Amino acid sequence: MQSSSELFPVALVSAELRGDLTEDVYRLKPNNSPDSSVELALTRLGSLGRKAAGVPVILLHGSFSNRRFWYSPKAAGLGPYLARAGFDVWIPEMRGHGLSPRNLNYERNRVADYARFDLPAIARFVIEQNGSRPHWLGHSLGGITLAAALGGGYLGEAEVVSAGLFGSQISRVYWPLKMPPVEWSGRFLLKRMGVLSGSRLRRGPEDEPMGLGLEALRWYGLFGRFGERDNDWWAGLAKVTLPVLAVSAEGDHQDPPWACRKLFEQFSSERGAYLCLGRRAGFSEQFGHVEMLVSKAAQSEVWPLVLHWLEHLSLPDRHQKTTPD
Numbered sequence: 001m002q003s004s005s006e007l008f009p010v011a012l013v014s015a016e017l018r019g020d021l022t023e024d025v026y027r028l029k030p031n032n033s034p035d036s037s038v039e040l041a042l043t044r045l046g047s048l049g050r051k052a053a054g055v056p057v058i059l060l061h062g063s064f065s066n067r068r069f070w071y072s073p074k075a076a077g078l079g080p081y082l083a084r085a086g087f088d089v090w091i092p093e094m095r096g097h098g099l100s101p102r103n104l105n106y107e108r109n110r111v112a113d114y115a116r117f118d119l120p121a122i123a124r125f126v127i128e129q130n131g132s133r134p135h136w137l138g139h140s141l142g143g144i145t146l147a148a149a150l151g152g153g154y155l156g157e158a159e160v161v162s163a164g165l166f167g168s169q170i171s172r173v174y175w176p177l178k179m180p181p182v183e184w185s186g187r188f189l190l191k192r193m194g195v196l197s198g199s200r201l202r203r204g205p206e207d208e209p210m211g212l213g214l215e216a217l218r219w220y221g222l223f224g225r226f227g228e229r230d231n232d233w234w235a236g237l238a239k240v241t242l243p244v245l246a247v248s249a250e251g252d253h254q255d256p257p258w259a260c261r262k263l264f265e266q267f268s269s270e271r272g273a274y275l276c277l278g279r280r281a282g283f284s285e286q287f288g289h290v291e292m293l294v295s296k297a298a299q300s301e302v303w304p305l306v307l308h309w310l311e312h313l314s315l316p317d318r319h320q321k322t323t324p325d
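So the sequence shown is numbered by the UniProt record's numbering: it starts at 1 and just counts up by one.
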């Protein structure tokens, strides 16, 4: 693997032109975790008309997903939108997703691994290549992973300008999981399955490892908490003062607005904004978990707000007052 980095081995897998955009795909081999086989695909989008790279933005996809959530084969999506606006856009794919190969211990992968090992490696490489600290935006599990990295102290001011969480929460209660027999049964079934099939569950194009499901069972169990045994991520969020944007959607039944807001309020951000996408806040529709970022309405109503946040670390005046849940 030829290296284009002084940090760890990196391969430039492809360099293409996509209309008015440049697309470079890297494969990183950080070798910073117990599983030395981990390799991460990282797509970089830039505007063909710009001579110098803009401010970097890292986009984290959610569960059962990959880079195509942000960047379609026809070069549409929030990623290209931000690249055309002058940002240096980076789209990682988590272990075993998209262009990232499955590591040897794929079935045991957890958010704890992404947060502790993978996001810091991605941050270091992006900063090395661009020279500036990045903004981070995460959807669903991507936002939860970003929150875990911040609350766990794996990412901080040296690697993050601001954090954006879209449809991300950790407070929704699943009462059956509070019953030990139900949790034990869930663990037994997950261990037999090995992976959670996105296609069979009709959740998305990618699979998820058993380890992720077991981790979630522990979070939502009777005495569960958001974190590891030796690191309380939820408590750690109260120490995070970085600018944070949290976005929920009225029509999101998977990650409801009240739970997304609770995650936002756990931060101690000096500059923060919470927004609930729905008609009560003046939007054309209620939006859903995916539609908040991937829809025609999102393109015209939500993407400009994301751009405004990245440029000013605030929302336009008409959205500064948070919407009640």
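We put the beta carbon where it would ideally sit given N, CA and C, even for glycine.
Just so we're clear, the structure is a prediction, and the values are computed from it rather than from any experiment.
Close beta carbons around residue i, own chain, < 8 Å, minus the five adjacent residues each side
i: W175; result: Reliability fails at W175, whose pLDDT of 43 lies under 50, so the model's placement of it is uncertain and no value is given.
i: R318; result: G282
i: N32; result: F8, F117, P120 and A121
Beta-carbon gap between residue i and residue j smaller than 8 Å
i: Q169; j: D255; result: yes
i: L45; j: L78; result: no
i: L137; j: L59; result: yes
i: R18; j: A75; result: yes
i: L263; j: S171; result: yes
i: L242; j: S300; result: no
i: residue 326; j: L315; result: A query on residue 326 cannot be resolved here, the shown segment of the chain reaching from 1 to 325 and no further.
i: V38; j: H135; result: no
Cutoff 7 Å; reference residue i; Cβ partners in own chain excluding five residues on either side
i: A238; result: Q266 and S268
i: residue 350; result: The question about residue 350 has no answer here: the residues shown for the chain are numbered 1 through 325.
i: L293; result: L78, H139, F166 and V302
i: Y114; result: M94 and T145
i: G153; result: G236
As assigned by DSSP and simplified to three states, the class of residue i
i: Y26; result: strand
i: N130; result: helix
i: A15; result: strand
i: G272; result: strand
i: H289; result: coil
i: P316; result: coil
i: E6; result: coil
i: T241; result: coil
Residue from the options with nearest C-alpha to residue i
i: W234; options: H97, W309, I144 and I127; result: I144
i: Y155; options: R116, H319, F226 and R203; result: The sequence shown places Leu at residue 155, not Tyr. L155 has its Cα closest to that of R116, out of R116, H319, F226 and R203.
i: E228; options: S65, S36 and G151; result: G151
i: R225; options: A246, A112, Q299 and G167; result: A112
i: A259; options: G98, N32, Y114 and F166; result: F166
i: E206; options: N66, R102, Q299 and N32; result: N66
i: L212; options: S4, R108, L99 and D88; result: R108
i: P30; options: S314, F87 and L119; result: L119
i: N105; options: P304, V195, R280 and E311; result: V195
i: V55; options: R279, W90 and L245; result: W90
i: F125; options: F8, A298, G98 and P209; result: F8
i: Y81; options: A11, G96 and L310; result: L310
i: L275; options: V247, V290 and D35; result: V247
i: E16; options: S36, P73, D35 and G98; result: P73
i: V290; options: R261, H312, R203 and P209; result: R203
i: S5; options: A298, H312, I127 and E208; result: I127
6 Å Cβ shell around residue i - same chain, five flanking residues per side excluded
i: V13; result: V25 and R27
i: E159; result: A123
i: S47; result: A83 and R84
i: H61; result: F69 and G142
i: A148; result: V111, A115 and W233
i: G164; result: L137 and L245
i: E270; result: T241
i: G278; result: E250 and Q286
i: N103; result: D35, S37, V38 and R95
*Looking at C-beta atoms only, is the number of pairs between the region 125-136 and the region 209-228 that lie closer than 8 Å three or more?*
No, they do not touch.
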